[in-house]
Amino acid sequence: MLKKLIIFLTFCFIAVGISPYTAVASNDLFKTPTSKQSDQWKVEIKKVEKYDSKMSKPRKNESEMYNIIITNIGVGLENVMLNSYRDEPNTQTKYGLSISDDHHKNFKHGEIVDFSNFPISVNSKELQIEISWYGKPSNNESHDRKYKETFTFTPAK
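In structure tokens:
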């Protein structure tokens, strides 16, 4: 009987000791690092490793903090706009996030934009990074043509 009690208590201590670590791991919205790329752009999502005193911290059961890195791996472009959106529960409307209104007059090949403390709601089922820019006129067009690429990330399963 004493042997069974010791085995049971040992199992309980192990289970209690492991559960906080599994809860932390399961709170991660995105399996990181993750990236997507096209001929022109590379978008990476990484977990914030270290927080300094000026950075916001994740809020338990509310938001997670990520590092979003956007790299121009193609030709240099002009008038580049960066926007981000997440889904909103019970609607098809997308909710704009903090990098909206980020505008770059010239975005050279190899240039990087790093959003080092980017909060994402734990209720999000989708994150979209939208990059738009204007290209040079072609043929008989008198004005620049607008282009866009959208990179969609979904939570780890």
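Residue numbers for the sequence shown, in mature numbering (1 follows the signal peptide of the UniProt record, and there is no 0): -25 to -1, 1 to 132. We put the CB at the ideal spot given by N, CA and C, even for glycine.
Spatial neighbours of residue i in its chain, beta-carbon cut-off 7 Å, leaving aside the 5 residues before and after
i: Lys121; result: Ser107 and Tyr109
i: Leu4; result: Glu39, Ile95, Val97, Ser99 and Pro130
i: Lys80; result: Glu53 and Asn54
i: Lys111; result: Asp119
i: residue 133; result: An answer regarding residue 133 cannot be provided, because it is not within the stretch -25 to 132 covered by the chain.
For residue i, the nearest candidate out of the options (CA to CA)
i: Ser99; options: Pro8, Asn36, Glu19 and Asn92; result: Asn36
i: Ser59; options: Lys11, Lys6, Ile20 and Gly71; result: Gly71
i: Ile87; options: Thr125, Arg61, Leu102 and Glu19; result: Glu19
Cβ shell of residue i (< 6 Å), same chain only, five flanking positions each side left out
i: Thr93; result: The question names Thr, yet the displayed sequence has Phe at residue 93. Taken in chain order, the residues that qualify are Tyr41 and Ile43.
i: Val23; result: Met40 and Asn42
i: Gly49; result: Asp14 and Gln15
i: Lys11; result: Val18 and Phe126
i: His78; result: Met56
i: Lys21; result: Thr7, Pro8 and Asn42
Euclidean distance between Cα positions of residue i and residue j
i: Leu57; j: Ile104; result: 7 Å
i: Thr9; j: Asn54; result: 27 Å
i: Asp119; j: Lys83; result: 18 Å
i: Glu63; j: Ile45; result: 24 Å
i: Arg34; j: Gly51; result: 38 Å
i: Asn47; j: Trp16; result: 5 Å
i: Met30; j: Asp89; result: 14 Å
i: Asn65; j: Lys25; result: 34 Å
i: Arg61; j: Gln67; result: 10 Å
i: Lys123; j: Lys32; result: 32 Å
i: Lys6; j: Lys69; result: 22 Å
Cutoff 8 Å: residue i Cβ touching any chain D Cβ
i: Asn92; result: Of the protein chains in the structure, only one exists, and it is not chain D.
Residue(s) in a DSSP beta bridge with residue i
i: Met30; result: Met30 pairs with nothing; no bridge assigned.
i: His79; result: Val55
i: Glu18; result: Here residue 18 is Val; the residue named in the question, Glu, does not match the sequence. Answer is Lys11 and Ile45, bridged to Val18.
i: Phe90; result: Ile43
i: Ser38; result: Arg34 and Ser96
i: Lys69; result: Asp62
Contact belief for residue i with residue j at Cβ below 8 Å, rounded distance in angstroms
i: Glu101; j: Thr125; result: Contact flag wrong, Cβ pair sits at about 11 Å.
8 Å CB neighbourhood of residue i in its chain, flanking five on each side removed
i: Ser91; result: Val23, Met30 and Asn42
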